[in-house]
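Q:
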Amino acid sequence: MWDVALLSRLQMSLTLSFHILFPTLTIGLALAIAIWEGLWLKTRNPRYLQLAKFWIKPFAITFGMGVVSGIVLSYEFGTNFSRFSELAGPVVGPLMTYEVLTAFFLEAGFLGIMLFGWQRVGERLHFAATVIVAVGTVISAFWILAANSWMQTPAGHALEEGRLVVTSWWQVIFNPSFPYRLAHMLLASFLTTSFVIAGVSAWYLLQGREQAFARQGLSMALAAALVLAPLQALVGDLHGLNVKEHQPIKVAAMEGIWPAREQGADLLLFAWPDMAGERNRFEVAIPKGAAWILTHSADGELQGLKSVPPEDRPPVPVVFFSFRIMVGLGLLMILAALWGNWLRRGDRFWRHRGLLRLLTWLTPAGFVATLAGWYVVEVGRQPWVVQGLIRTKDVASQVPPERVALSLALFLLVYGVLFLAYLHFFRKLIRKGPPRMDKLEKHLVGMQAPGYALAWVRQLKEEGH
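If you're matching positions, the sequence shown starts at 71 in this note's numbering and goes up one per residue.
#1: Return the first residue and the last residue of the beta strand (DSSP E) that N350 is part of.
#2: For D73, does the count of other Cβ atoms within 10 angstroms reach 16, so buried, or fall short, so exposed?
#3: Hey, quick one: how far does the alpha helix (DSSP H) through L478 stretch, first residue to last?
#4: I need the boundaries of the alpha helix (DSSP H) containing P387, first residue and last residue.
#5: In chain order, what residues of the same chain have a beta carbon less than 6 Å from the beta carbon of A291, not counting five sequence neighbours either side?
#6: Give the range of the beta strand (DSSP E) segment to which E332 is assigned.
#7: Who does E371 pair with in a DSSP beta bridge?
#8: To the nearest angstrom, report how far apart R194 and Q120 are at their CA atoms.
#9: Using only CA atoms, which one of L429, E156, P224, G374 lies nearest to Q333?
#10: Can you give me the C-alpha to C-alpha distance between R461 and L301, rounded to a whole angstrom?
#11: Would you decide whether D307 is buried or exposed? Buried here means 16 or more other CB atoms lie within 10 Å of its CB.
#12: My assumption, with CB atoms under 8 Å, is that E146 sits in contact with A122. Please give the rounded CB distance.
#13: If we ignore side chains and look at the alpha-carbon of each, how far apart do A284 and L399 end up?
#14: Going by other Cβ atoms of all chains shown within 10 Å of its Cβ, with 16 needed for buried, is Q317 buried or exposed?
#15: For F151, which three-state DSSP category applies?
#16: Can you tell which of V465, L490, L482, Q222 has the C-alpha that lies nearest to the C-alpha of T149?
#17: Take A158 and list the residues in its own chain whose beta-carbon comes closer than 7 Å to its own, dropping the five residues that flank it on each side.
#18: Could you check how far apart the C-beta atoms of S219 and S247 are, in whole angstroms? I think they sit under 8 Å.
#19: Could you spell out the range, first to last residue, of the beta strand (DSSP E) harbouring V236?
#20: Can you tell me whether DSSP reads A225 as helix, strand or coil?
#21: In this structure, how does DSSP classify A466 when only helix, strand and coil are distinguished?
#22: Which residue from V270, I209, I97, L229 puts its Cα closest to that of I243?
#23: Helix, strand or coil: how does DSSP classify R506 here?
#24: With H, G and I counted as helix, E and B as strand and the rest as coil, what does DSSP make of V191?
#25: Let me check understanding here. Comparing Cα to Cα, which of F419, K320, V388 lies closest to S377?
#26: So, helix, strand or coil for L44, using DSSP?
#27: According to DSSP, is E280 part of a helix, a strand, or is it coil?
#28: Please name the residue in L476, G187, F212 whose C-alpha comes closest to that of T200.
#29: Applying the 10 Å Cβ sphere with the 16-neighbour rule, what's the burial state of F154?
#30: Mind pulling the alpha helix (DSSP H) runs of 4 or more residues that sit fully within the region 163-190?
#31: Kindly indicate the opening and closing residues of the alpha helix (DSSP H) around M82.
#32: Does Q81 pass the burial test, meaning 16 or more other C-beta atoms within 10 Å, or should it be called exposed?
#33: In angstroms, rounded to a whole number, what distance separates the CA positions of V487 and T85?
#34: Just list the residues that DSSP pairs F244 with in beta bridges.
#35: Check each candidate in A225, A479, F212 and name the one with the smallest Cα separation from G458.
#36: Looking only at C-alpha atoms, which of L296, M135, I105, L77 sits nearest to L490?
Have a look at this one:
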């Protein structure tokens, strides 16, 4: 017999995994487009305008996919986890409403100007609309991460007549894990976008086309990655220490620590967690490595999985391997950023096909790392939907499991088609390439650009760029 709670969790996991891909890119692309447009206004270098106008189309289709896939989630809380809405609605509901009122309306109100207002409004008003959309994406992340962080480390609430009610909105929003989660997610978005821009630019260079455009984009993306990738590692370490303090069993699953208490725990590079046998198989470890990282002492003590009953443990293999995928890709991105910026000092970088191929392969690395990190966060919290307060199985709607199985199959089919269509149009935009200089010249005339800016564009056009 099918388990309705498990089917509902699988459906929510599928829809969340699909949705998170799009905001991850739009948050970073909105900021990049605002920076390029601002640089164009300041320097009048048309290359920045060309970058902004090229990436605004991938941004638009990605933003649209994010909106469509996000609407489904709010309905799923009512259809698949109706008891959750009853119990935690007074806390989570207003946070979602704030997100719509302060972020979605802001983005939707100015997105039209950003996409279609190039020659219809003044250049400074257009830049203001682009900045507002970029700020809106960050505000949206703020409220979503506030709600999710409260479910991980609840605070500022009380239990009254079987429902959780708010006693302090400040504590609800700025709960103990919120600053770390928000910083980690925003950096993940910016880093993912940097490697998408770097990968597409590297592909142009390998194809021998759009050389000047690709060099400018790749140079800026690698410079951003050089800052963002190590910073993400630092924030991730601080986030891990926060998780150890508030969700020690999640850390035990991440590190594969089974004894109730363990001093000097090893850092497992690889292992196969055996939940039935309550141990690991095939361990490859660095002695005392986990203790050093998490307690800053070789003899530091960590709480293990056996400190709680089996029914209170998360699915350890999913958390364990997702954590290693996220960290492994993060280290690979740091090395690629260091290598690329080292070679960028000389002209040989633009002809280094090995590194250009690596950057092309790393184009989806940020998405995979973000998804893996999301599984660590969400699966690692199980069996709780609100840590220590509400169990997931207790709030699943009691609907016939075959109906949930049918809707899950339909989601798989529809999302699969949508994702293929998105990839088709994204690839089509990339293959089409940036706007030509004669097209940019027309736009600049429409925006009444200074004469020297037009002369610059005409010169680049004559040079074949």
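Where a beta carbon is used, it is the ideal one built from N, C-alpha and C, also for glycine.
Every value quoted in this text rests on a predicted model; they were computed, and no experiment measured them.
A: According to the data block:
#1: Within the sequence shown, the letter at position 280 stands for residue 350. Note, N350: beta strand (DSSP E), 349-356.
#2: If you number the sequence shown from 1, residue 73 lands on position 3. With fewer than 16 other Cβ atoms within 10 Å, it is exposed.
#3: Position 408 of the sequence shown, counted from the start, is the residue given in the question as residue 478. First-last of the alpha helix (DSSP H) with L478: 471-502.
#4: Within the sequence shown, residue 387 is the residue found at index 317, counting from 1. It spans 386-413 - the alpha helix (DSSP H) in which P387 sits, taken as one unbroken run.
#5: Position 221 of the sequence shown, counting from 1, holds the residue named residue 291. Same-chain partners within the cutoff: S264, I267, A268.
#6: Locating residue 332 in the sequence shown gives position 262, where the first residue counts as 1. Its beta strand (DSSP E) spans residues 331-333.
#7: Position 301 of the sequence shown holds residue 371. Bridge partners of E371: Q333.
#8: In the sequence shown, residue 194 corresponds to position 124, counting from 1. In the sequence shown, residue 120 corresponds to position 50, counting from 1. Approximately 17 Å between the Cα atoms of the pair.
#9: As a working mapping, residue 333 is identified with position 263 in the sequence shown. Checking every option, the nearest Cα to that of Q333 belongs to G374.
#10: Taking the first residue of the sequence shown as position 1, residue 461 is located at position 391. Taking the first residue of the sequence shown as position 1, residue 301 is located at position 231. Computed Cα separation, rounded: 35 Å.
#11: For the purposes of this step, residue 307 is identified with residue 237 of the sequence shown, where counting begins at 1. Under this definition D307 is an exposed residue.
#12: Along the sequence shown, one-based indexing puts residue 146 at 76. Along the sequence shown, one-based indexing puts residue 122 at 52. So it is not a contact: roughly 36 Å between Cβ atoms.
#13: Counting from 1 along the sequence shown, the entry for residue 284 is found at position 214. Counting from 1 along the sequence shown, the entry for residue 399 is found at position 329. Taking the straight line from one Cα to the other gives about 24 Å.
#14: Your numbering for residue 317 matches position 247 in the sequence shown. By the neighbour-count rule (16 or more Cβ atoms within 10 Å), Q317 is buried.
#15: Translated into positions along the sequence shown, residue 151 becomes position 81. DSSP places F151 in coil when its eight states are reduced to three.
#16: Mapped onto the sequence shown, residue 149 falls at position 79. If we check each option's Cα against that of T149, V465 comes out closest.
#17: Within the sequence shown, numbered from 1, the residue matching residue 158 stands at position 88. Taken in chain order, the residues that qualify are L234, V456, I460.
#18: Stepping through the sequence shown from its first residue, residue 219 is reached at position 149. Stepping through the sequence shown from its first residue, residue 247 is reached at position 177. Indeed they touch by this definition, with Cβ atoms about 5 Å apart.
#19: In the sequence shown, counting from the first residue as 1, residue 236 sits at position 166. Its beta strand (DSSP E) spans residues 233-236.
#20: Residue mapping note: residue 225 aligns to position 155 of the sequence shown, counting from 1. A225: coil per DSSP, three-state reduction.
#21: The residue labelled residue 466 in the question sits at position 396 within the sequence shown. If DSSP states are grouped into helix, strand and coil, A466 belongs with coil.
#22: Locating residue 243 in the sequence shown gives position 173, counting from the first residue. Checked all of V270, I209, I97, L229; the closest Cα to I243 is I209.
#23: Your numbering for residue 506 matches position 436 in the sequence shown. Of the three classes helix, strand and coil, the one that applies to R506 here is coil, per DSSP.
#24: Walking along the sequence shown from the start, residue 191 turns up at place 121. V191 falls in the coil class under three-state DSSP.
#25: Translated into positions along the sequence shown, residue 377 becomes position 307. Looking at the Cα atoms, K320 is the closest of the given residues.
#26: What is shown of the chain runs 71 to 535, which leaves residue 44 out entirely.
#27: Here residue 280 corresponds to residue number 210 of the sequence shown, with the count starting at 1. DSSP places E280 in coil when its eight states are reduced to three.
#28: Here residue 200 corresponds to residue number 130 of the sequence shown, with the count starting at 1. Among L476, G187, F212, the Cα nearest to that of T200 is on G187.
#29: As a working note, residue 154 is residue 84 in the sequence shown. Classification of F154: buried, given that the 10 Å Cβ count is 16 or more.
#30: 175-186
#31: By 1-based counting over the sequence shown, the position of residue 82 is 12. Run containing M82: 74-113, per the alpha helix (DSSP H) assignment.
#32: If you number the sequence shown from 1, residue 81 lands on position 11. Its Cβ being crowded by 16 or more others within 10 Å, Q81 is buried.
#33: The residue given as residue 487 occupies position 417 in the sequence shown. The residue given as residue 85 occupies position 15 in the sequence shown. Answer to the nearest angstrom: the Cα atoms are 14 Å apart.
#34: Here residue 244 refers to the residue found at position 174 when the sequence shown is read from its first residue. In DSSP, F244 forms no bridge with anything.
#35: As a working mapping, residue 458 is identified with position 388 in the sequence shown. When only C-alpha atoms are compared, the closest one is A225.
#36: One-based indexing of the sequence shown puts residue 490 at position 420. Answer by Cα proximity: M135.
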